[in-house]
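From first to last, the protein sequence lines stand for chains A and B.
Sequential numbering of the first sequence, starting at 45, is according to this note's numbering.
Sequential numbering of the second sequence, starting at 889, is according to this note's numbering.
Structure first, commentary second.
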Amino acid sequence: MKVFLSIDAAAKAVGSEDVAEALTAEAARRGLELDLIRVGSRGMVWLEPLAEVEIDGVRHAFGPVRVEDVPALLDGTLAGHGPTEEIPFFAGQTRLTFARCGVIDPLDLTAFEALGGLTGLRAAIAAPGDVVETVKASGLRGRGGAGFPTGIKWQTVAGAKADRKYIVCNADEGDSGTFADRMIIEGDPFSLIEGMAIAGIGVGATKGYVYMRSEYPDATATLERAVAIARAAGVLGDGVLGSGHAFDIEVRVGAGAYVCGEETSLLNSLEGKRGEVRPKPPLPALEGLFGKPTVVNNVISLATVPVIFEKGAEHYADFGLGRSRGTIPLQIAGNVKYGGLYEIAFGLPLGEIVNGIGGGTRSGRPVKAVQVGGPLGAYFPVSGFDTPFGYEEFDGAGGLIGHAGLVVFDDSADMLELARFAMEFCAVESCGKCTPCRIGSVRGVETLERIAAGDAGATALLTDLCETMELGSLCALGGFTPYPVMSAIRHFPDEFTGQREAAE
Amino acid sequence: MADTAPEPNAETLADLIEAQRHLEGPLLPILHTIHEAYGHIPDTAPALIADRLNIGRAEVHGVISFYHDFRRLPAGRHVVKICRSEACQSVGGAALSEAVLAKLGIGWGETTANGAVTVEPVYCLGLCASGPAAMVDGKVIGMLDTDRFDRVLAELGA
C-alpha cells in the first residue's frame, strides 16, 4: 500500500509526525507492506495532515488525518475527498513553480529529474549566453515584493567586471501571511538549487548563498540536505552537471531580524555585520556582497527560473495580466476557511481569492478586511474586492502585493489596534539607520494611543508623520509601514474618531 | 538547555570560533554556534571573538545586540515562542498569548520562577493558514487554543 504524507511544517504543526508513527506501527501490526512516502505540501493547509493513498495509480486525498483515523485509512473505510488533483482548490490552479511540490519526496533527486527537474539547467548550460535574454523575455519580476524585472537585474550583474560575483537567495520570509518560500524549500528544494545554478551560469557567478530565517529550522534542515545531495550528484561543484561552470551554494541562517529581508540589510548580515540598511546607490548588482556584483533574488523568483527554461520564456509570459507576467503563488491566510497556497496567473480579483477560493472566514463571520503583502501591506475593505491581483493594479489601489500573502480578518478586527501594531512592529524591527523609521515608528505608536484615548485631532498629526516616513525612510520598513496605518484610517475612519474610550 | 550546557571556558570558546573562522563573513555562524552550545552568548565570548576576527569588541557587541535571537543570559529549560503577527492575530492569537503569559505570571522574554519555560515573541513562523501558532524548543505547533496550550505547558513542567 502506497501512502503519501505531508512533511511540511504546516502538517507537522497539526500532528503529521504522530500520524506517520501510527501508520507505520499499525501497518506493522497488520503485517501490511506499507510504502510511506513523505512529500511536501499540496498547499491545502486546512486538510493537513494530508495523507494520499494511491488507488489504481491515482492519488486520493484524506485529511485532516488524526491518529485515531489511521486504522480506517488502512482499512479503506475512511471518508476522503476523492482524487487529490480533482479537489476544486487544487484543480483550479496553474502550477508552474510549485508543479512538483507535494508530489515528490523533496530529497529524491531522481524523482525531481523525472518530473522535468534539471531540464532548465541543461538548457542554460547549452546556451549560457542566452540565459539573461530568456529571463527578460519571460517577464519575471521579483517575487519578494519589489517587483523589479529579474532579467534586468541579472543583465546588470552579467555586465559588471569583477573577479568574483555572487548569487544571494533571500529566504528571509518574514512577512506575516506568507509561507511560499518555506513551502517550496520544504517541498521541492532542488528547484531553488537549480534556479540559483542557472543564475550563476547566466551572470558568471560561482558562489551562491541562501539566507534562511532562523524561524524556519525545518526548511533549513531540508535545504542543507538537498545542497549536500546536489553536490554529491554533481549538480553543484566545480563542474555543474559535467560542464565547465563551477557553482556551489552555502546555507546561512539569520538571527531573528525582520529587516534582514531587505536586500542591503541582508548583505550586511551575511557579511557578519549589524543588519543595517545601506543607502542605494551603489546597487547590489554592482557592489553587493563583500563589494562584489551580486544578484539578490527572492526564493520564488529563483525557484521559478527552472520552469521558464524547461517550458520556454513565452510559455511563462503567456500567463498573467498587464505587466505582471506568469503565475503567482497566492498565500491565503489568517481567518479563512480554506487557507493555503494557490498558484495561478496574475489577474484574479481580490474578492474571488478571498471568498471564491478561500471560502470566506474560518470563524464564519463576515469578512471585514484583508491585509495584502505582509505587515507593510495595505488593508483592503470589501469595497476593494474588485482589484485584480497584479503589481500595478494594487499600487493603483493604494496597496502592494508584496510577497503575495493575504491575511483575512472577520468583523471582530480592531483596525485601530492593527494600525498601532503596525507602528509597534516597525519600532521593534527598525534597524535604526534612518530617523523617519527609528523615531517615526515610536511616535506613531504614541499618536495612535492618543487617538485611542479620545484625541481625534491627533489623526492629522499621524497623517503628517506617515507622509514623512513614507518619503523619508531609507527602505520599505519605514517607507511602507504607513500603508497599513493609512489604509486602516482611510477605509475605516469611524474607528479613529476617538469616540471609543468616551463611549465606555 | 541551560541544564546541560557546559561551563564556558576560553578554550572551548576558542575552538567554537576557530571551527567557523574560515567562512566568508564568519561572525553570525560563530555566534550561532556559541549560542547553540550554551543557550546564550556568555559574557567572555565577545572579547575572544573580537580578538580572533581582528575586529573591535564594540563591533561584536553591536552585532549581538542587533539580533533578537542572541540572548545574553541563559533561558529556561524550554523556550516557547508565540507568534504575534497579524495572521495569528486574526484568529485570536493576541488573546491566547495574553492568557498564556497571565497563567505563567510572566511577561514577554521572561522565565517562569521554576526555570521551566521562557516565553518569547516571534513575528511569523510561516504557519499563517494554521494559526494561532507557536514553536516549542524548535518544534512547530498550529491551530492552538487555550486548552491545547495548557496541555503543552503542563508537559513542559511550567
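Just so you know, even glycine gets a beta-carbon here, dropped at the ideal spot from N, CA and C.
Looking only at DSSP bridge pairs, what is Phe424/A linked to? Answer by DSSP bridge pairing, in chain order: Val414/A.
Residues in its own chain within less than 6 angstroms of Ala933/B by CB, not counting five upstream and five downstream? Leu901 and Ile922
With DSSP run on the structure shown, which of helix, strand or coil describes Met1023/B? strand
Would you say Leu1013/B faces chain A, with C-beta separation under 7 angstroms as the test? By this cut-off, Leu1013/B is an interface position.
Arg464/A lies in the beta strand (DSSP E); which residues open and close that run? Segment Met459 to Glu473 is the alpha helix (DSSP H) holding Arg464/A; no beta strand (DSSP E) there.
Could you tell me which residues DSSP puts in a beta bridge with Ile372/A? Ile388/A
For a contact defined as C-beta to C-beta under 7 angstroms, what are the partners of Lys317/A on chain B? Listed along chain B are Val951, each with a C-beta nearer than 7 angstroms to that of Lys317/A.
Give the residues from the stretch 942 to 972 of chain B that approach chain A closer than 7 angstroms (Cβ to any Cβ), ordered along the chain. Gly950, Val951, Phe954, Tyr955, His956, Asp957 and Phe958
Give me the Cα-Cα distance between Arg482/A and Gly446/A, rounded to the nearest whole angstrom. 22 angstroms
Neighbouring residues, chain B, relative to Glu30/A (Cβ below 8 angstroms): In the structure as shown, chain A begins at 45 and stops at 548. Residue 30/A is therefore absent and cannot be evaluated.
Quick check: is the beta carbon of Val343/A nearer than 7 angstroms to any beta carbon in chain B? no
Interface partners of Leu462/A on chain B, CB under 8 angstroms: Glu974 and Gln977
Which listed residue (Glu895/B, Ile943/B and Ala907/B) has its alpha carbon closest to that of Pro930/B: Nearest to Pro930/B by C-alpha distance, out of Glu895/B, Ile943/B and Ala907/B, is Glu895/B.
According to the neighbour-count rule (16 or more other Cβ atoms, all chains shown, within 10 Å of its Cβ), is Val502/A buried or exposed? Sequence inspection shows Ala at residue 502/A; the Val mentioned does not correspond to that position. Buried.
Just the Cα atoms here: how many angstroms apart are Gly59/A and Asp1033/B? 15 angstroms
Return the residue from the list Lys317/A, Ser456/A and Gly421/A that minimises the CA-CA distance to Ile943/B. Lys317/A
Cutoff 6 angstroms; reference Gly300/A; Cβ partners in own chain excluding five residues on either side: Ser258
Using CA coordinates, which residue listed in Glu331/A, Pro350/A and Leu153/A is at the minimum distance from Lys197/A? If we check each option's Cα against that of Lys197/A, Glu331/A comes out closest.
Given a cut-off of 7 angstroms on the beta-carbon distance, is the pair Leu992/B and Thr1000/B in contact? Yes.
Compare the C-beta of Tyr302/A with all C-beta atoms of chain B and state if any pair is closer than 7 angstroms. Taking 7 angstroms as the CB threshold, Tyr302/A lines the interface with chain B.
Same chain only: Cβ atoms within 8 angstroms of Glu511/A, ignoring 5 sequence neighbours per side: Pro526
Taking the alpha-carbon positions, what's the Gly252/A to Ala54/A distance? 28 angstroms
When you compare only the Cα positions, how much space is there between Gly383/A and Glu396/A? Inter-residue distance for Gly383/A and Glu396/A is about 14 angstroms (C-alpha atoms, whole angstroms).
Can you check which of these residues, Val452/A, Ile293/A and Thr338/A, is closest to Lys381/A by C-alpha distance? Val452/A
Going by other Cβ atoms of all chains shown within 10 Å of its Cβ, with 16 needed for buried, is Pro326/A buried or exposed? exposed
So, Ala504/A versus Met459/A, is the Cβ gap smaller than 7 angstroms? In this structure, Met459/A does not lie closer than 7 angstroms to Ala504/A by Cβ.
So Gly218/A contacts chain B; which residues on that side make the cut at Cβ distance below 7 angstroms? Tyr1011 and Cys1012
Whether Gly1030/B touches Ala57/A by CB criterion (7 angstroms): Gly1030/B places its beta carbon less than 7 angstroms from that of Ala57/A.
Hey, is Phe536/A's beta-carbon within less than 7 angstroms of any beta-carbon in chain B? no
From Ile372/A to Lys969/B, what distance separates their C-alpha atoms? 30 angstroms
Determine, using beta carbons only, whether Val529/A comes closer than 7 angstroms to chain B. no
Roughly how many whole angstroms lie between the Cα atoms of Ile852/B and Val1007/B? A query on residue 852/B cannot be resolved here, the shown segment of chain B reaching from 889 to 1046 and no further.
Is the stretch 460 to 467 of chain A in contact with the stretch 482 to 501 of chain A, if contact means three or more CB pairs nearer than 8 angstroms? yes
Going along chain B, which residues have a C-beta under 8 angstroms from Gln375/A? Cys1016 and Ala1017
Select from Ser517/A, Ala69/A and Leu374/A the residue whose C-alpha is nearest the C-alpha of Pro115/A. Comparing Cα-Cα distances from Pro115/A to each of Ser517/A, Ala69/A and Leu374/A, the minimum goes to Ala69/A.
Provide the residue(s) that pair with Met256/A in DSSP beta bridges, ordered along the chain. Ala215/A and Val297/A
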